[in-house]
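Protein sequence lines, in the order shown, are assigned to chains A and B.
Under the working numbering, the letters of the first sequence match residues 3 to 118, in that order.
Under the working numbering, the letters of the second sequence match residues 2 to 111, in that order.
Virtual Cβ for every residue (Gly too), placed ideally from N, Cα, C.
Predicted, not measured: the structure shown is a model, and the values here were computed from it.
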Amino acid sequence: ETGVTQTPRHLVMGMTNKKSLKCEQHLGHNAMYWYKQSAKKPLELMFVYSLEERVENNSVPSRFSPECPNSSHLFLHLHTLQPEDSALYLCASSQDRTGTNTDTQYFGPGTRLTVL
Amino acid sequence: DQQVKQNSPSLSVQEGRISILNCDYTNSMFDYFLWYKKYPAEGPTFLISISSIKDKNEDGRFTVFLNKSAKHLSLHIVPSQPGDSAVYFCAATYGNKLVFGAGTILRVKS
Chain A
3 ETGVTQTPRH LVMGMTNKKS LKCEQHLGHN AMYWYKQSAK KPLELMFVYS
53 LEERVENNSV PSRFSPECPN SSHLFLHLHT LQPEDSALYL CASSQDRTGT
103 NTDTQYFGPG TRLTVL
Chain B
2 DQQVKQNSPS LSVQEGRISI LNCDYTNSMF DYFLWYKKYP AEGPTFLISI
52 SSIKDKNEDG RFTVFLNKSA KHLSLHIVPS QPGDSAVYFC AATYGNKLVF
102 GAGTILRVKS
C-alpha cells in the first residue's frame, strides 16, 4: 500500500468521450503531480499542484484538464483525446513542493489509458 | 532532448550475481540523483538516492555510484534476487525539477 490510490486502473475511451482520472493520497502531503509514461519514454511531468494551487503546467494540451479540489484529491479530466495520448498516467504526491531531492515522491499504481 | 538517459532498455542477470544499471545525464545543474523501482501494475517506488557532493551511497544490497566528471551514475545490486526483477528508473533533480530516464527492465533469472 503506497498511500496513493488511482481509479480507474484501466480505461478505454473513444476520441469523442469525456472521462476523468482520480487520484487520492492518504499521506497528508501538500503537493500532488500528474505524470505521463509512454512506452519506452521517460516519465513526463504534466502538472504540479502545491497546496491545491497549480504551480506547474508543462505545455500540456488543453484536452487534459487537471483539478485539485483539496490537498488529498487530484483529478485529470480528459476530453477529445487522440490515440497518441494512450499511455500510463501516474499520480504522485510529496510532503512539499520545496525540493524533490530530500522529499521523495510517492506514486500511485497508475491508470492505463487506451484511446481508440 | 533527454537530460537523463538509460541507454540499456533491458538487462538479464543470474540470481546471486551483480546487477549493474547505468544512467547518464547531461545537465550539470543536477544536484541530487534517485533510483526508483517499478513492478508491473504498480507505481514507481523510491529505492535509493545520492547527493551530488558524494560519490557513493550504500543501502543493504543496493549501492549507487556517482561519477560527476563523466556525468554518470550506476546502481549496483548484489547479490541479485528474483524479486529484484522490475523496471528501474534513474531520476535527477535541480531546484523543483525532477527528471526521469526511460527505465531499464531488469530480469533476474533463478
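Worksheet item: Which two residues bound the contiguous beta strand (DSSP E) that contains Leu67(B)?
Response: Phe63 to Asn68
Worksheet item: List, in order along the chain, the chain A residues whose C-beta lies closer than 7 angstroms to that of Glu43(B)?
Response: Pro111
Discussion item. If you reduce the DSSP assignment to three classes, tell me which class Val6(A) lands in.
Written reply: strand
Fill in: Pro85(A) burial status per 10 Å Cβ neighbour count (16 or more: buried)
exposed
Practice prompt. Could you confirm whether any beta carbon from chain A is found closer than 8 angstroms to the beta carbon of Gly17(B)?
Written response: no
Item to complete: Go through its chain and collect everything with a Cβ distance to Leu47(A)'s Cβ below 6 angstroms, but skip five positions before and after it.
Response: Tyr37 and Asn60
Fill in: Proximal residues of chain A, C-beta to C-beta of Phe101(B) below 9 angstroms
Tyr37, Gln39, Pro44, Leu45, Glu46 and Leu47
Item to complete: For chain A, find out if any of its Cβ atoms is closer than 8 angstroms to the Cβ of Gln3(B); answer yes or no.
Response: yes
Worksheet item: Quick one, which of Ala89(A), Glu26(A) and Pro63(A) has its alpha-carbon nearest Phe49(A)'s?
Response: Pro63(A)
Practice prompt. Please look up how many angstroms separate the CB atoms of Lys110(B) and Ser20(B), rounded, as I've assumed it's under 8 angstroms.
Written response: With a Cβ gap of about 11 angstroms, Lys110(B) and Ser20(B) do not count as contacting.
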